[in-house]
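Q: Just passing along the structure, written as structure tokens.
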Amino acid sequence: MTEIKGKLAIVTGAASGIGRGTALELARRGARLAISDLDRAGLAETAKRIEAIGAPVTTYLLDVADRDAVYAFAQEIETTHGGADIVVNNAGVAQIARVDELTYEDFEWVMNIDFWGMVYGTKAFLPQMQAKGAGHIVNVSSVFGIISVPTQAAYNSAKFAIRGFTEALRHEMKGTQIKVSCVHPGGIKTNIVRNARFLQSTQATAREDAASGFDKLAMTTPEKAGRVIVNGIAKNKPRILIGIDAKIIDWMQRLMPVSYGRIMFRGEGSPLTGQADTGETAQ
Ligand SMILES: NC(=O)c1ccc[n+]([C@@H]2O[C@H](COP(=O)([O-])OP(=O)(O)OC[C@H]3O[C@@H](n4cnc5c(N)ncnc54)[C@H](O)[C@@H]3O)[C@@H](O)[C@H]2O)c1
Numbered sequence: 144m145t146e147i148k149g150k151l152a153i154v155t156g157a158a159s160g161i162g163r164g165t166a167l168e169l170a171r172r173g174a175r176l177a178i179s180d181l182d183r184a185g186l187a188e189t190a191k192r193i194e195a196i197g198a199p200v201t202t203y204l205l206d207v208a209d210r211d212a213v214y215a216f217a218q219e220i221e222t223t224h225g226g227a228d229i230v231v232n233n234a235g236v237a238q239i240a241r242v243d244e245l246t247y248e249d250f251e252w253v254m255n256i257d258f259w260g261m262v263y264g265t266k267a268f269l270p271q272m273q274a275k276g277a278g279h280i281v282n283v284s285s286v287f288g289i290i291s292v293p294t295q296a297a298y299n300s301a302k303f304a305i306r307g308f309t310e311a312l313r314h315e316m317k318g319t320q321i322k323v324s325c326v327h328p329g330g331i332k333t334n335i336v337r338n339a340r341f342l343q344s345t346q347a348t349a350r351e352d353a354a355s356g357f358d359k360l361a362m363t364t365p366e367k368a369g370r371v372i373v374n375g376i377a378k379n380k381p382r383i384l385i386g387i388d389a390k391i392i393d394w395m396q397r398l399m400p401v402s403y404g405r406i407m408f409r410g411e412g413s414p415l416t417g418q419a420d421t422g423e424t425a426q
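Here it is as structure tokens:
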């Protein structure tokens with residue numbers, strides 16, 4: 144069991160969605176919170192809700208894609224709080240475009256935040272945990288780190304890479320008191336699609352159509368996602384699947400590792416969004 148009560152928990156991307164849900168659940172279980180995001184107003188709202196629960200909280204404006212800033216953040220946590228006990232690398236963005244349309248700029252934007260942000264957050268805080276002899280690192284991948292879908296090559300690349308990195312770290316930490324979890328949410332009703340980069344980002348209707356299609360299909364609330372993640376942390380689960388959709392996709396990949404696409408993408412549109420191929424969304 145990972146003890147939550149009294150521990151210092153870091154959550155990135157805590158201004159919205161799964162990050163906010165996880166931070167609030169950690170607060171309810173008695174953790175002290177240090178939360179970060181790029182979104183100042185959203186972060187302040189999360190902090191207000193944590194304070195209402197009665198848990199201590201500090202906020203940090205942080206771009207997880209900025210390696211120096213992440214290391215400075217970790218240093219500040221060490222100086223002011225004596226180091227982190229739980230780190231949830233959650234901040235993430237999505238990109239929707241086919242490979243032949245995908246620009247390197249957009250691809251790098253996704254990799255820098257989703258993949259490198261998670262690597263920086265892990266490597267900056269790991270020495271603090273090694274010095275204490277205990278800790279828990281939680282990296283948020285996706286069901287799209289288990290299967291790949293059209294228009295999600297950049298996001299799939301980042302989320303598969305998160306899974307690869309996190310599982311390697313878990314093997315390395317075997318026999319220590321540093322626990323490692325990889326989270327694979329299914330569809331969670333958050334702002335991820337509204338905030339995504341689209342190929343034609345000026346087409347507000349494409350974005351709104353994709354976002355409302357996603358809202359209809361996303362089965363799980365961010366609050367529920369937060370509860371599942373914190374239960375997984377408490378139970379030291381190496382792999383945390385969120386939602387029945389994530390469990391079905393996981394099984395589908397095991398049963399049909401090559402041909403799952405024949406069932407999921409039949410041409411009339413994606414079962415993930417109910418839309419035609421060009422309008423699929425990220426999970
Ligand atoms: N919503 C889903 O269905 C779903 C499914 C699987 C995985 N995920 C993953 O869950 C994580 C959280 O996403 P969400 O659905 O809550 O989305 P969200 O858009 O509601 O929240 C993401 C948060 O990350 C922050 N963020 C973005 N770029 C940042 C940066 N460079 N530095 C710091 N913060 C930054 C945003 O400001 C936002 O507050 C992401 O890693 C996402 O890929 C989401």
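Taking my numbering, the leading residue of the sequence shown gets 144, the next gets one more, and so forth. Think of the CB as a built atom: it goes at the ideal place given N, C-alpha and C, for glycine as much as any other residue. Every value quoted in this text rests on a predicted model; they were computed, and no experiment measured them.
Could you check what DSSP says for ARG382 in three-state terms: helix, strand or coil?
A: Taking the first residue of the sequence shown as position 1, residue 382 is located at position 239. Three-state DSSP puts ARG382 in a strand.
Q: With a threshold of 6 Å on Cβ separation, who are the neighbours of ALA267 within its own chain once the five nearest residues in sequence on each side are excluded?
A: Within the sequence shown, numbered from 1, the residue matching residue 267 stands at position 124. Closer than 6 Å at the Cβ level, and outside the excluded window around ALA267, lie VAL213, TYR214 and ALA217.
Q: Using three-state DSSP, classify PHE341 as helix, strand or coil.
A: Walking along the sequence shown from the start, residue 341 turns up at place 198. Strand, per DSSP.
Q: For LYS390, which residues from the same chain have a beta carbon less than 6 Å from its beta carbon, with the 5 sequence-adjacent residues on both sides left out?
A: Residue 390 sits at position 247 when you count from the first residue of the sequence shown. For LYS390, where only same-chain residues beyond five positions count, the Cβ hits under 6 Å are LEU384.
Q: So, under 8 Å CB-CB, ILE331 and THR363 are touching, yes? Tell me the CB distance rounded to an integer number of Å.
A: As a first step, residue 331 is located in the sequence shown; it is residue number 188 there, counting from the start. As a first step, residue 363 is located in the sequence shown; it is residue number 220 there, counting from the start. The C-beta distance from ILE331 to THR363 rounds to 5 Å, short enough to fall under 8 Å.
Q: How long is the line joining the alpha carbons of ILE280 and LYS322, rounded to whole angstroms?
A: What you label residue 280 is simply residue 137 of the sequence shown in a count that begins at 1. What you label residue 322 is simply residue 179 of the sequence shown in a count that begins at 1. About 6 Å.
Q: Who pairs with GLY278 in a beta bridge, going by DSSP?
A: Walking along the sequence shown from the start, residue 278 turns up at place 135. In the DSSP output, where bridge partners are listed per residue, GLY278 has ILE321.
Q: Say the cut is 7 Å; is the CB of GLY264 nearer than that to a heavy atom of ligand 2?
A: Ligand 2 is not part of the structure shown, which contains ligand 1 as its ligands.
Q: If you draw a straight line from the alpha carbon of GLN396 to that of PHE357, how long is it in whole angstroms?
A: As a first step, residue 396 is located in the sequence shown; it is residue number 253 there, counting from the start. As a first step, residue 357 is located in the sequence shown; it is residue number 214 there, counting from the start. A straight line joining the alpha-carbon of GLN396 with that of PHE357 spans about 21 Å.
Q: So does ASN338 have its beta carbon nearer than 7 Å to some heavy atom of ligand 1?
A: Residue numbering aside, residue 338 sits at position 195 when the sequence shown is read from its first letter. ASN338: yes, Cβ under 7 Å from ligand 1.
Q: My understanding is that VAL230 touches GLY264, with C-beta atoms under 8 Å, so please give their C-beta distance in whole angstroms.
A: Translated into the one-based positions of the sequence shown, residue 230 becomes position 87. Translated into the one-based positions of the sequence shown, residue 264 becomes position 121. So it is a contact: roughly 6 Å between Cβ atoms.
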